[in-house]
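In terms of our numbering, the sequence shown opens at residue -19 and continues consecutively.
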Amino acid sequence: PSFLPSFLPFSFFLSFFLSLFLSFFLSFFSSFFLLSFFSFFLSLFSSFFLSFSLSFFLSLFLSFLS
């Protein structure tokens, strides 16, 4: 479709920031219970990579549906 190039970055950034916001709170509470500052950065880096790949596949899936 013609709206695909304009729809794809919007759904990508929306799902990316939503999953990053969720993963930030998850890594914050996990570091609070583990009481480790290194595990906070490790989980934040892994959740950043996970949210990037998740939003990429989610935006591909949403563009495939529309």
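All C-beta atoms, glycine included, are put in the ideal place defined by N, C-alpha and C.
Notebook entry, point to check: If you draw a straight line from the C-alpha of S(-1) to the C-alpha of L22, how long is it?
Noted result: When rounded, the distance between both Cα atoms is 17 Å.
Next item on the list: Ignore the nearest five residues each way along the sequence and tell me which others in S3's own chain have a CB closer than 6 Å to its CB.
Entry: In chain order, S27 and S31 place their CB closer than 6 Å to the CB of S3, counting only its own chain and leaving out the 5 sequence neighbours on each side.
Margin query: Using a 10 Å radius around the Cβ and a threshold of 16 neighbouring Cβ atoms, would you call F(-7) buried or exposed?
Written below: With fewer than 16 other Cβ atoms within 10 Å, it is exposed.
Next item on the list: Tell me whether S8 is buried or exposed, calling it buried when 16 or more other Cβ atoms sit within 10 Å of its Cβ.
Entry: At residue 8 the sequence reads Phe, which differs from the Ser that was named. Exposed, because fewer than 16 other Cβ atoms sit within 10 Å of the Cβ of F8.
Notebook entry, point to check: Measuring CB to CB, does S35 end up less than 9 Å from F(-4)?
Noted result: Closer than 9 Å, so yes.
Next item on the list: Please list, in chain order, all residues of the same chain as F40 whose beta carbon is under 6 Å from its beta carbon, the five residues on each side excluded.
Entry: Residue identity differs from the one stated: residue 40 is Leu in this sequence, not Phe. Once the five neighbours on either side are set aside, L40 has no close Cβ partner at all.
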